[in-house]
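Right, one structure below, let's go through it.
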Amino acid sequence: MMRAPFHAITPFTMLDFPGLCACIVWVAGCNMRCGYCHNPQIVLGKGTIGEEEAIDFLRGRVGLLDGVVFSGGEATTWPGLAGFAARVKAMGYAVKLDTNGLRPDVVAQLLDRRLVDRIALDHKAPPARFRQVTATGAYRQFSKTLDLLCAQEQVPFEVRTTVNTGLLDEDNILEIAHDLAARRYRGAYAVQRVVIDKDRPTLGHLAAEARSLDVARLMSESPIELVFR
Ligand code: SF4
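At position 203 of the sequence shown the residue is numbered 341 (the working numbering), and the sequence of numbers has no breaks.
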C-alpha cells in the first residue's frame, strides 16, 4: 500500500506565503529532532492523508487559493515531493517550501525543474551548536543548501532561526548573522522566539526559557538586517 505522506492540510493562511492566500500541506516525518519542536506528532507519526486526497482538495480550491506551502515535519524527506509539486504547479498554484536544509539535492532539483517559487530556510544553529539543537551532525549538508540558495536569484528565500535561550544565545545568533553576511545573503534574517506552552509538550520536553534574548544588543551588533517575531 502507498504511504500517505501528509499529516494534515491547513485549508487557508494569509501569513505563511507572503502576499498570497495559501494552504499548508504538512508532510509527515522529519530528519531532525529539535528539542523545541512543537509538532512531535508530525515528526514521529505517519501520514493519514494520501496524495489523491490532497489533489482533490486542491482541485476544489483552484481560483480561491493562490499558493501551497509545503511544511512539516520536513517536506524534503518525502521522495514524492518533486512529482507532487509538479502536479500542484500544473494546477496553477505557486509553491513555497519550508525546509531545514538537510537535503540540498532535493532543493536543487526543485529549483532546476522550476517547481518552487519561494523558500524559507531554517538556520537551526552555528556549527558548534548544530548537533545539540537538531540531534543531527549534518551541518555540512545544511551549509550546502545555504550556499546554493545564496548563489541563486531565481526565487526569493528567507533565513530564519528559532531561538530558545536554553539552546542558543546572542553570540550564536550574531555568529549566524556574520556567516550570512559573508555568504552575501541579501534578505532580512528572521529571529523567532520559541513559546513553550506547558499544555503542549515539545519533542525534547523543554522547560520555559529562563531569560529573554537581548534584542538591543543583537540589533546594534548584527551586520545584516534582523527581524524579530
Ligand atoms: S522543529 Fe525540528 S524536529 Fe520539528 S519539524 Fe522542524 S526540523 Fe523537524
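By construction, the Cβ of each residue, glycine as well, lies at the ideal position given by its N, Cα and C atoms.
Per-residue DSSP class, three states only, for residue i
i, result
"Asp260", "strand"
"Cys161", "strand"
"Phe268", "helix"
"His316", "helix"
"Thr215", "helix"
"Arg252", "coil"
"Asp236", "strand"
"Arg298", "strand"
"Gln292", "coil"
"Ser350", "coil"
"Pro156", "coil"
Rounded separation between residue i and residue j - CA only
i, j, result
"Val301", "Leu202", "35 Å"
"Glu313", "Ser360", "9 Å"
"Ala252", "Asp285", "In the sequence on display, residue 252 carries Arg and not Ala. Spanning the two alpha carbons is a distance of roughly 18 Å."
"Thr94", "Tyr327", "Look at the range of the chain in this structure, 139 to 367, and you will see that residue 94 is not part of it."
"Ser358", "Leu305", "22 Å"
"Asp309", "Phe268", "14 Å"
"Pro143", "Glu191", "11 Å"
"Ala273", "Lys184", "20 Å"
"Leu341", "Phe280", "21 Å"
"Phe366", "Pro265", "22 Å"
"Leu248", "Ile362", "28 Å"
"Ala346", "Arg331", "11 Å"
"Gln254", "Arg355", "Here the sequence assigns Val to residue 254, which means Gln is not the residue at that position. Roughly 36 Å between the two C-alpha positions."
"His176", "Pro294", "26 Å"
"Met170", "Val200", "33 Å"
"Leu344", "Gly211", "18 Å"
"Thr215", "Arg241", "8 Å"
"Val333", "Pro178", "15 Å"
"Glu296", "Arg141", "31 Å"
"Ile187", "Arg322", "40 Å"
"Ala319", "Leu364", "12 Å"
Integer-rounded CB distance, given that residue j should sit under 8 Å from residue i
i, j, result
"Val163", "Val206", "6 Å"
"Arg256", "Lys234", "4 Å"
"Val271", "Lys262", "5 Å"
"Asp204", "Leu158", "4 Å"
"Phe208", "Leu219", "7 Å"
heavy atom of the ligand SF4 below 7 Å from residue i C-beta
i, result
"Gly210", "yes"
"Asn310", "no"
Spatially closest choice to residue i from the options, by CA coordinates
i, options, result
"Tyr277", "Pro149, Glu189 and Asp260", "Asp260"
"Pro151", "Ala266, Ala160, Ala346 and Ala289", "In the sequence as displayed, the identity of residue 151 is Thr instead of Pro. Closest by alpha carbon: Ala160."
"Asp352", "Leu196, Lys227 and Thr303", "Thr303"
"Val181", "Arg199, Glu347, Asp194 and Ala213", "Ala213"
"Val244", "Ala263, Phe222 and Pro264", "Phe222"
"His145", "Leu153, Cys168, Phe155 and Leu158", "Cys168"
"Pro339", "Thr148, Gly239, Tyr231 and Tyr174", "Tyr174"
"Cys172", "Asp154, Gly275 and Ile147", "Gly275"
Residue-level contact to chain E via CB, residue i, 8 Å cutoff
i, result
"Val245", "Of the chains in the structure shown, none is chain E; there is only one protein chain."
Pocket of the ligand SAH defined by Cβ to heavy atom distance under 5 Å: For the structure depicted, the ligand SAH is absent and the ligand set comprises only the ligand SF4.
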